[in-house]
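Novice:
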Amino acid sequence: MKIAVTGGVGFIGSNFVRFVCKKYPEIQVINIDKMTYAANPLTLEFLSEFTNHTFMKLDICHATEIKEILNECDIIVHFAAETHVDRSLANPETFLLTDILGTYRILEVVKNSRSITKYIHISTDEVYGSIESGSFAEHSPLNPTNPYAASKASADLLVISYIRCYKIPALIVRFTNNFGPFQHPEKFIPLAITNALENKKIPLYGDGQQIRDWLYVLDTCRAIDLLIEKGEPGQIYNVSACQERKNIDVLCKILKALGKDKNLIINVPDRIAHDKRYSLSSEKIQKLGFYPVYDFEKGIDETISWYVNNEKWWKFIKNSPEFQKYYKSRYPDL
Ligand code: DAU
1360 MKIAVTGGVG FIGSNFVRFV CKKYPEIQVI NIDKMTYAAN PLTLEFLSEF
1410 TNHTFMKLDI CHATEIKEIL NECDIIVHFA AETHVDRSLA NPETFLLTDI
1460 LGTYRILEVV KNSRSITKYI HISTDEVYGS IESGSFAEHS PLNPTNPYAA
1510 SKASADLLVI SYIRCYKIPA LIVRFTNNFG PFQHPEKFIP LAITNALENK
1560 KIPLYGDGQQ IRDWLYVLDT CRAIDLLIEK GEPGQIYNVS ACQERKNIDV
1610 LCKILKALGK DKNLIINVPD RIAHDKRYSL SSEKIQKLGF YPVYDFEKGI
1660 DETISWYVNN EKWWKFIKNS PEFQKYYKSR YPDL
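Residue numbering for the sequence shown follows our numbering, starting at 1360 and increasing by one per position.
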């Protein structure tokens, strides 16, 4: 059996590739990644130990090449996407191209393929927008509030249209915020850990009272594994951790674990249209037998240890001209 993973050098994608390669040595994993700024080439070194892993540098928007490769596979798990909200506010175009056009290219292959038995479309809680209290279910209306979320919601709608019109064997899975090893330091938790390790200020947006529900990345991999086996094509599944935390509390926890002072926190202007709280109900996937096994405290300790022990990996990104330019443009004085 062959599984194609798009975006398999990114954060969740690379964790999933490792998870599958380890758990199913008999399955061939074809890892397709464009290697944008978000893919650290050092991540590939961590995957090189697996003989059932093949990497291909490829842009999912290239119809002919993508067709040739995906056509030989049985299952597709589609992670490849531009994912950082702040970057989407500054430059939305790449989000529309990768997240929407890229998904369309893959859907066309799935539509015309005889070998693909399942297409897992990776989505996000951001498509529902913010919720003051309670949690969104799979049938809740989509209400994206930033260009990243809108591009993911558009891709979801495209997938739904292909399910309805062409009966493709697709399902959509929407996760809450992921954290864990190999996450790019532009994101909140890895930025906080690595800035703290470097004794640099850590930007906290607005009042820091925003709430996210933190799912450890290995639980995400377990959920996808289960959906490959038991998920029903045509369905949408939410996956939450039920571990909601305020940003300020997450930050204080990280600083405490690293023995650093709270004066490293610097309050910066809030993100435009910042969603106050994300929350999903995941009763539907629970009925299939899925429950997260990592609690936040265990997950954050493992994540911190990983960044402490893998300085070479994150310094490669943080010292790159691309990251320096990005960070300086946001925080000229930090
Ligand atoms: O909810 C799922 C989504 O989680 C994924 O679909 C996105 O791809 C992923 O980027 C993430 O979106 P968020 O915007 O929630 O993640 P981020 O790590 O950028 O920010 C988490 C929270 O921390 C958010 O409320 C903004 C805040 N924040 C973020 C950064 C980078 C800060 O206060 N300071 C920061 O420097």
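Using N, Cα and C, we set each Cβ at its ideal position, and we do this for glycine too.
Which residues mark the beginning and the end of the alpha helix (DSSP H) in which Pro1400 is found?
Specialist: Note, Pro1400: alpha helix (DSSP H), Pro1400 to Leu1406.
Novice: So Leu1563 packs on Ile1624, CB below 8 angstroms; how close in whole Å?
Specialist: With a Cβ gap of about 5 angstroms, Leu1563 and Ile1624 count as contacting.
Novice: My assumption, with CB atoms under 8 angstroms, is that Gly1493 sits in contact with Thr1504. Please give the rounded CB distance.
Specialist: No, Gly1493 and Thr1504 are not in contact; Cβ-Cβ is about 18 angstroms, not under 8 angstroms.
Novice: Going by beta carbon distance, what residues of the same chain come within less than 6 angstroms of Ile1595, once the five residues before and after it are set aside?
Specialist: Around Ile1595: Glu1497 and Ile1531.
Novice: Can the beta-carbon of Arg1533 be found less than 8 angstroms from the beta-carbon of Leu1639?
Specialist: Taking 8 angstroms as the Cβ cut-off, Arg1533 and Leu1639 qualify as a contacting pair.
Novice: Taking C-alpha atoms, which residue in Ile1362, Lys1361 and Leu1401 lies nearest to Val1368?
Specialist: Here the closest residue by C-alpha is Leu1401.
Novice: How close, in whole Å, do the beta carbons of Trp1673 and Thr1483 come, if the pair is a contact with beta carbons under 8 angstroms?
Specialist: About 23 angstroms; that fails the 8 angstroms criterion.
Novice: To which residues does DSSP link Phe1495 through a beta bridge?
Specialist: Partner(s): Leu1639.
Novice: Quickly, what does DSSP pair Tyr1596 with across the bridge? List them, please.
Specialist: For Tyr1596, which the question treats as bridged, DSSP gives the partners Val1532.
Novice: Could you have a look at Thr1423 and say whether DSSP puts it in helix, strand or coil?
Specialist: Thr1423 falls in the helix class under three-state DSSP.
Novice: Are Glu1441 and Thr1462 closer than 8 angstroms when you measure CB to CB?
Specialist: No, they are not a contact pair.
Novice: I'd like to check one pair, Ala1512 with Ile1428: are the Cβ atoms closer than 8 angstroms?
Specialist: No, Cβ-Cβ distance for Ile1428 and Ala1512 is not below 8 angstroms.
Novice: Where do the N-terminal and C-terminal ends of the alpha helix (DSSP H) with Pro1549 fall, by residue?
Specialist: Phe1547 to Leu1556 is the extent of the alpha helix (DSSP H) around Pro1549.
Novice: Answer with buried or exposed for Glu1678, where buried requires no fewer than 16 other C-beta atoms within 10 angstroms of its C-beta.
Specialist: For the record, residue 1678 in the displayed sequence is Asn; it is not Glu. Exposed: under 16 other Cβ atoms inside 10 Å.
Novice: Once you ignore the five residues that flank Ala1529 on each side, which residues in its own chain have a CB closer than 7 angstroms to its CB?
Specialist: Val1469, Tyr1478, His1480, Val1518, Tyr1521, Ile1522 and Pro1592.
Novice: When the Cβ atoms of the segment 1575 to 1584 are set against those of the segment 1376 to 1386, are three or more pairs found closer than 8 angstroms?
Specialist: Touching, yes, given that three or more Cβ pairs across the two stretches are closer than 8 angstroms.
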